[in-house]
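Let me begin by presenting the structure, written as structure tokens, before commenting on it.
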Amino acid sequence: MAPTRRRPTKKPTRSSRHAPQRHAVVMVLGDVGRSPRMQYHALSLARMAPNMRVTLLGYAGENCVPDVTRQANIDLLTFSPHLQRLPRRLFLLLAPVKVLLQLLQLLWLLLVTAGSVDLILLQNPPTIPTFVVVWLCCRLKGAKFVIDWHNLGYSLLALSLGGDHPLVKIAKWIERVFGRKADANLCVTHVMKTWLRETWQIEATVLHDKPPLFFKPTSLDTQHELFRRVGDQLEHCNDLVAWGQNPTNLEETLLTRKTLGLSGKKGKSVVLPRENRPAMIISSTSWTADEDFGVLLTALELLDKRTSLLSVSEFPNLLVVVTGKGPQKEMYLERIRHLAFKRIRIATMWLEASDYPLVLGSADLGVCLHTSSSGLDLPMKVLDMFGCGLPVCAIGFKCLDELVKHDKNGLVFNSSDQLATQLYDLLEGYPTKTAQLNRLRASLKSVEHWPENWNRVAAPLFKQQLRLR
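Residues 3 to 471, numbered by the working numbering, are exactly what the sequence shown covers, in order.
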């Protein structure tokens, strides 16, 4: 399928007409709509100077966040990949063909479609064939080559093929050799910065993930409208609360109730939390090998057994919302279908990009199951939760303490038993007797957001590479 391009409509300002235009390509060999950090990079670059133009390049798929689609000087260039999913038994045969097709497709997009380019910012992973293609295109166009290291590409490949597989060794060599050829590097943790320097002699600047400004607590009025809009995805959870005969001036959702102002009388509509509302837990998962969703399911089974005889005043019913796409989703959905919970309902929801932060901001607690394949990256979803003032229970791994401080802004667990205990301790007596949950939430009132962090850390690097004042 031919690439789809949405061109910017913004006219240059008077001051920018006299300055030479700078064009940056922000590239991810994946679904652009599911690559939030690269979308935020594109936004920040587009707003960095009046003479900036940005092309956001990647696979067509989910919608980008509204701020990206509204930004007039961002050019969205998407395309459909060839041979996206390869049968495992034909992997060795088809993988080289897929790489060759990707290589040719990317060369055409970068050398021809994108036009003149001053800088390419590339997400890693994936590594193959992007490192080679982008390095070559930058050399041919005289553009700067900047890598944003989210993880190590070869370590993700090793999860499915094994560390001794020839393709993993080739990927590791390419990642090391061409990673050194970049003009500048960003990475997501201090642990990764140290590893890149000591192992591959690559110098990188740490740009921690931070939530954008639209991740914030959701007001009760907005919660009510949100759950009226997505309520059809929660119908199987309606038995978590008692539904009576509603008077004409009352609207109810699973979590809220709205008393409407009576016609002809003074008085506004009022939205309040529903009495005996379920506590809402949310987990955003990629349904992949580095996020074992079974840990959460086992914890919920243990919790349901422990609370099955308690009243809702002692322990609330639980609404567990799960978002995300991935290869293991159907396997876990089949397991969920066979669970017979008494106090818990699980809803796997599909959300618009604009609704995702609203759902996060409506929840009481987040659960993160991400474990890094390299031990060097951090889960961005936790930052989104923190931006919404949402405390998190996160599974522990090597560098998690750069983000989650145990018993300060969240809790760290290492087993299903520990997670079940944490959920019980945090939610016992909900919604009125939750001192520990309230303390964790209070610690998140002063979270740094993406714009100020990017302007402080990344903007000087990009201005230097683009020769901007």
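Yeah, the Cβ is synthetic: ideal placement off N, Cα and C, and Gly gets one too.
Roughly how many angstroms lie between the CA atoms of residue i and residue j, to the nearest whole one?
i	j	result
Arg469	Val243	60 Å
Leu353	Thr287	13 Å
His408	Val414	6 Å
Pro453	Arg308	44 Å
Leu392	Leu360	12 Å
Ala145	Pro5	22 Å
Val384	Ala48	26 Å
Phe317	Leu252	27 Å
Ser157	Trp151	13 Å
Thr434	Pro214	30 Å
Ala444	Met54	39 Å
Glu404	Val193	9 Å
Leu161	Pro128	14 Å
Lys218	Ser356	12 Å
Thr472	Leu262	No statement about residue 472 is possible, as the shown extent of the chain runs from 3 to 471 and does not include it.
Cys66	Val34	7 Å
Gln330	His238	22 Å
Pro14	Ser271	Any answer about Pro14 is weak, because its pLDDT of 49 lies below 50 and its placement is not dependable; what the coordinates show is given next. If I take the Cα positions, the gap works out to 45 Å.
Asn240	Arg345	12 Å
Ala173	Ile130	7 Å
Arg458	Ala437	35 Å
Thr71	Pro52	18 Å
Asn126	Glu336	33 Å
Quick one: grab the DSSP three-state call for residue i.
i	result
His43	helix
Gln125	strand
Phe388	helix
Ala186	strand
Thr191	coil
Glu336	helix
Gly266	Only weak support exists for where Gly266 lies, its pLDDT of 43 falling under 50; the value from the coordinates is given anyway. Correct three-state label for Gly266: coil.
Lys212	coil
Cys66	coil
Met3	Its pLDDT being 49, under 50, Met3 is placed unreliably by the model, and the measurement read from it follows with that caveat. Coil.
Arg347	strand
Thr309	helix
Ile76	strand
Phe81	strand
Tyr61	strand
Pro359	helix
His408	strand
Gly35	helix
Glu354	coil
His167	coil
Glu293	strand
Is the CB-CB distance between residue i and residue j below 8 Å?
i	j	result
Leu377	Lys410	Note that residue 377 corresponds to Gly in the displayed sequence, not to Leu. Cβ atoms of Gly377 and Lys410: not closer than 8 Å.
Cys390	Val369	no
Leu109	Val28	no
Ile283	Leu320	yes
Val170	Leu154	no
Thr255	Pro275	no
Phe81	Gln107	yes
His372	Glu293	yes
Leu121	Gln467	yes
Val273	Leu222	yes
Val1	Leu421	Coverage of the chain is limited to positions 3 through 471, which leaves residue 1 absent and any answer about it impossible.
Asp211	Val179	no
Val135	Leu112	yes
Ala460	Leu59	no
Ala44	Val56	yes
I'd like to confirm the pairing. Which residues does DSSP put opposite residue i in its beta bridges?
i	result
Phe147	Ile122
Arg24	Met54
Leu320	Ala281, Ile346
His238	Paired residue(s): none; His238 is not in a bridge.
Ser286	Thr325
Ala396	Cys370, Val414
Near residue i, which residues of its chain fall below 7 Å by C-beta distance, leaving aside the five closest residues on each side in sequence?
i	result
Gln424	Cys395, Leu413, Phe415
Ala184	Phe147, Val148, Ile149
Ile348	Val322, Val324, Ile338
Met382	Pro38, Arg39, Asp211
Once the 5 residues before and after residue i are set aside, which same chain residues still bring their CB inside 6 Å of it?
i	result
Trp456	Ser46
Met351	Gln235, Val323, Thr325
Arg36	Glu64
Ser374	Phe399
Thr300	Ser418
Leu31	Pro128, Thr132
Residues in its own chain within less than 8 Å of residue i by CB, not counting five upstream and five downstream?
i	result
Gly266	Model confidence at Gly266 stands at a pLDDT of 43, short of 50, so the residue's coordinates are unreliable; what they give is reported in the following sentence. Within the same chain, Gly266 has no close Cβ partners at all.
Leu402	Leu380, Ala396, Val414
Gly233	Thr255, Leu256
Could you tell me whether the Cβ of residue i comes closer than 8 Å to any Cβ of chain B?
i	result
Pro98	Of the protein chains in this structure there is only one, and it is not chain B.
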